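Everything below concerns the one structure shown next.
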Amino acid sequence: MTERNILSFFSPKSQRVLAKTSEHEKQNVPKEKSLLQSKIKKRKFDKENADGTKPKIAKKQSDIQETESVSANTSFNFDEYRLNTSKKVMNQDQSTSKVTIDEIGSTNYPHHSYPFLHESRRDQMGRLPSDPDFDQSTLKLPTTFLSSKDITPAMKQWWKIKAGNFDAVIFFKMGKFYELFHMDADIGVRELGLTYMKGKYAHAGFPETSYAVHASALVEKGYKVCRVEQTERPSDVSTRIKETGVAGVGDKLVKRDLCNIMSPATRLFDAFDINSDSCQNSLNSRLLLSICEDTKGPKNATRLGVCVVNCSIASFTLADLIDDRAFSKMRTMLAHFSVPVAEVVISRGSVTTETLNRLKKCIGSAKVEILSRPVVSENIVKELQSYFPGSEMPAELLELNSENNRENSELILGALSSVLCLLKRHLIDSQIVSSASFTRYRPISLEKHVTQKYMIIDDNTMRNLDVTMNSEGYLGKYGTILSLVDHCMTASGKRKIVTVVCHPLFQKKEIDDRLDAIGDLLALDNNDMNNFREKLGEIPDLERILFRLNSCKQLHENAQHPQNSAVLFNEKFFNKSKVDDVINIINGFEKSFELYSHLQNLNFGSDLLQKILHSNEGVSQDRIREIINFFKEFKLSFDLVLAKTQSMIIPHKGYIKEYDDSLEKIEEIENKLDKYLEKVKKQLGCSNLKYWGSDRSRYQIEIPVSAISEIPDDFELKSQRKGFKRYSVPFCQELLSQLVEAEDLKNSVLKNVFVLLISRLIKHKQDLLRFLDKIAFIDCLFSFAFFSSGSVTSGMLTRPNISDGPKQFINIKQGYHPCLSAIKAVVSNDIALGVENETTLLITGPNMGGKSTIMRQTAVIIILAQLGCYVPCDMCELTPFDRIFARLGASFDHPNSGESTFYVELSETSLIINGATEKSFVLLDELGRGTATHDGLAIAYSVLKYITSQIRCLTMFSTHYHYIARDLQTTRHMNIRMMYMQCLVEEESEDCENENGITFLYKIKEGVCPKSYGFYVARLAGMDKKIISRGIEMARKMERNSLLNELIQAKRSNQVIDYLSLCKKIAKL
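FYI, the numbering for the sequence shown is 1 to 1069, going by UniProt numbering.
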């Protein structure tokens, strides 16, 4: 091991001591051995000092204090140096004394062989993993293990905390470092790139200031992180022992408490986390979900109470759902959030196993945690009330507790109870609930003839049309409607636009109003448009910052929270984040007010922009002016320059009376002391007098020896230097006592000044959030305008013409799919439905011919039009649709619930049939593919006939069942128009010599495609030629037999047919 690596374990003081080692010691003691011994002593000193026991290598307590102060105040960043050096050591060869990642598996640490961690594993209640009630988050420790002499007091602390949080990684504070032990050290080395420390136990660590980096890295990988802080200093231990008289081995240890548990869904992005508030990081939070089921409800439906929480902005969404087996309403609800679910918390017994399995299909890879605590909804209301002392609970919670809703709200309260239980365990309940906004989600009704404000898009349709998530499950990524229109510059806008996209408008006037607003924004000069968007981009995530500041206030007021007793050795480092939040919220709202004022001065013509900018909806204009004035005053209430440069909040005079009084008192005492010094100078006839000393030894008078003959009798000699003597004066000491008292008051006020200022700000929280909602919606409109300007697509965009005619129709000229236009040249097509008598397009064509694409692009154009955006075509005229249903592409089976591909396909089709109205738009792609040909054909034909004759909504229906098209041609159904996707084909040959036998034209044309040309697609897919040849031969044989049967049946029934044409076809085959 090199000297450089060994020195990385020394404090700056220890390095100076080594530098002063005598030449005799260097000559007689091997250099590497001497350094190694010193390193071991230093490491032992660090641990003992952190635990509060007397360090053996320090002769005096003052030596310890000096070491701590030197380490904390030196300009050399030893913490960072130690961490960086540790990372470098990992890359060295195995000859070093450090343990590298490659050696993890071969190192036999004790925790690898503890039976209670492996074969004898039990939870705290003694249950085995095979027990249905087993709690994987806890661990039962053998009593003999904790009483063992091999376990140090500090390690007993660690094991007790670990036993209660076995599913989390413990960051255990020891001095200025967070340490990881045993299995947690394994995770730290593997996931964080830390290095094992040399010793009997697996052990790794990092400096206090690196907590946010390492904790967030683990959380993003799905781990929970427990932060355990020291709540005493070593000096506090001796004081406690003197007061209590108890001095056992464990009592000499500094106290440590669990202060926070961070998980993917409970991150607060506060001072202890990476809290970048840029627009790009606005979607890095995750959701916490809880449900409670009516287990005694009907079997054909599931009634659920749902609670969804976004902890980063303290947002609670509550719902009461009556759902189907596919959880359609649950999926639709979750699709309306801007971020996915990361964790699910459920109280044991509150849902059935079947429901839990179906839920897991809705939440992807989210982790499910089962709480052992039963649901007690009767007490939850009182529990909630405790979070709002002196004020009324939010209206949504009061509604849940009303007598009329008590019975119907029981399931919601059950879900909310589980969430509160988890938040309490994570020690963040007071911060979140006290700051929370509660919203009641009203589930989308699938009943017919319901008056509505928005178009309904259920989860199946969202997935089939890639509304917010693409086929790979990524939110807002390429290929989605959201990716087309989301160009928001603010974090609040990023969150809001997801909700807006999921709720296209239905009423003609509202659609036209939004289109008018987009038109007004497009009429702006390009430079003005870019300037406004740039100004929006300068606004930080004010919603999240406002929550964090309120959270700090709530935490400070919660005196029992262990965080308020935590010892932070780099407190200034953590305070900087809080002060930055204050500065950012001032600057952010100033920019928001400035932008809002500029937009008001433009006098837009659209009703929507006038309503946003000049009406009193949400928050009144007078109230906005009051808030603007408040921020002007708030900005002047403290020294902003000092806050930016030194991360200190120092109030200006006139804003905090206690602080002003303490300053006046200090100034008054200092003036008295100055006057007294002048009096003594005159009395002794010497002008060369001054005060000397520091802290409580201040204001000793330093007098030249030549002038001491005339000093008063009450002057007490304290110290001297050459030519001068220093005296303590009773008058000065009395004033010093008053001065210290005034300074203590000033410092006490300064400690609370942050909370005092934030309390003033939080009084305006609700109005500030309403104003931010205006800014977020303005950002959404600018985003729609940016898309409508043609900056995203390569083709033409036009304003749609919204009609309120008596019947539904859509007429598109030269329409194209906007997602495809960005990557390749697209073929435009005309689509007309409902213009004449036809309500259904029956589309046939070859595989890969573009049937699904033209159906999707039609639906995308409709959604964009009803969002109020310009659409990708030369001309578009339509009536608003109340809902879109889409069943496109291949379905997937659900093996866990015994649901086949065909069952899932028919379940989705059933939802369409039961939910569609005359004003709906339906897309059905290749229905019936999941079963036998005759069954699939019969079902597809029957569904088509039912939609056409009974529901009579506009429908695009694609199929490879050519019998349906031929039969409809014969019967000449008036409401169905036959279309097909054109292609150029060459004659199929069994030798398959021609590899390019088909050319897709992607143009739709009236008529019926004679075949699906599947063998050409098989060639393109690279299928073996022998298989294709055999397939062509079998297909011809089956087709010939089918025609012969048709001829025989026609002859038997004396049916009039074209015998000559039929015989020619048979002969050709």
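For glycine and all other residues, C-beta sits at the position ideal for the given N, C-alpha and C.
Fair warning: this is a prediction, and the values are worked out from it, not measured in the lab.
Check: With distances taken between CB atoms, is the gap from I545 to D581 smaller than 8 Å?; Outcome: yes
Check: Where E658 and T209 are concerned, what is the direct C-alpha to C-alpha distance, given to the nearest angstrom?; Outcome: 33 Å
Check: So, do the segment 336-345 and the segment 360-371 have three or more beta carbon pairs nearer to each other than 8 Å?; Outcome: yes
Check: Per DSSP, A204 forms a beta bridge with which residues?; Outcome: L180
Check: Which stretch, first to last residue, makes up the alpha helix (DSSP H) that contains K553?; Outcome: L542 to E557
Check: Which whole-angstrom value is the C-beta distance of S338 and V498, which I expect to be below 8 Å?; Outcome: 4 Å
Check: Which ranges does the alpha helix (DSSP H) cover as unbroken runs of at least 4 residues, wholly within the segment 616-652, from first to last along the chain?; Outcome: 621-635 and 640-646
Check: Check P153 in the structure and name its three-state DSSP category.; Outcome: helix
Check: Please report the Cβ distance between M330 and Y441, rounded to the nearest whole angstrom; I am assuming they are in contact, meaning their Cβ atoms lie under 8 Å.; Outcome: Actually they do not touch by this definition, with Cβ atoms about 11 Å apart.
Check: Pull up the CB-CB distance for S832 and N801, whole angstroms please, since I reckon it's below 8 Å.; Outcome: According to the sequence as given, residue 832 is Ala; it is not Ser. Their Cβ separation, rounded to whole angstroms, is 14 Å, which puts A832 and N801 out of contact at 8 Å.
Check: Measure the C-alpha to C-alpha separation of M262 and H426 and round it to an integer number of angstroms.; Outcome: 7 Å
Check: Using the Cβ count rule (16 or more neighbours within 10 Å means buried), how would you classify P651?; Outcome: buried
Check: Using the Cβ count rule (16 or more neighbours within 10 Å means buried), how would you classify V169?; Outcome: buried
Check: Provide the residue span of the alpha helix (DSSP H) that contains C732, from first to last.; Outcome: P730 to I762
Check: For T645, does the count of other Cβ atoms within 10 angstroms reach 16, so buried, or fall short, so exposed?; Outcome: exposed
Check: Can you look up A247 in the DSSP assignment and give me helix, strand or coil?; Outcome: coil
Check: Per DSSP, which residues does N310 bridge with? Please list them.; Outcome: S315
Check: Taking just the CA atoms, how far does Q857 sit from P562?; Outcome: 57 Å
Check: Is S285 helix, strand or coil by DSSP?; Outcome: coil
Check: Return the CA-CA distance between C876 and R799, expressed in angstroms with no decimal places.; Outcome: 8 Å
Check: I'd like the span of the beta strand (DSSP E) that includes E229, first residue to last.; Outcome: K224 to Q230
Check: Helix, strand or coil: how does DSSP classify R1036 here?; Outcome: helix
Check: What is the DSSP secondary structure of residue 1116, counted as helix, strand or coil?; Outcome: What is shown of the chain runs 1 to 1069, which leaves residue 1116 out entirely.
Check: Tell me which same chain residues have a C-beta within less than 7 Å of the C-beta of R929, skipping the five on either side of it?; Outcome: G936
Check: From what residue to what residue does the beta strand (DSSP E) around E510 run?; Outcome: Segment K508 to L522 is the alpha helix (DSSP H) holding E510; no beta strand (DSSP E) there.
Check: Would you list the one or two residues that DSSP bridges to H876?; Outcome: Here residue 876 turns out to be Cys, not His, going by the sequence shown. DSSP lists I812 as partners of C876.
Check: Using CA coordinates, which residue listed in I861, S821, L555 and I628 is at the minimum distance from L268?; Outcome: L555
Check: List the endpoints of the continuous alpha helix (DSSP H) containing D661.; Outcome: K657 to L684
Check: When you compare the CB positions of R883 and M455, do they come within less than 8 Å of one another, or not?; Outcome: yes
Check: Suppose contacts are defined by Cβ-Cβ distances below 8 Å. Is D804 in contact with K508 by that definition?; Outcome: yes
Check: What is the DSSP secondary structure of P704, reduced to helix, strand or coil?; Outcome: strand
Check: For A395, report the span of its alpha helix (DSSP H) as first-last.; Outcome: A395 to N401
Check: As a quick exercise: from L984, T879 and S1029, pick the residue whose alpha carbon is nearest that of C1009.; Outcome: L984
Check: In whole angstroms, give me the CA-to-CA distance for K919 and P443.; Outcome: 20 Å
Check: Could you check if Q621 is buried or exposed, using at least 16 other CB atoms within 10 Å of its CB as the buried criterion?; Outcome: exposed
Check: DSSP state of S852, grouped into three classes?; Outcome: helix
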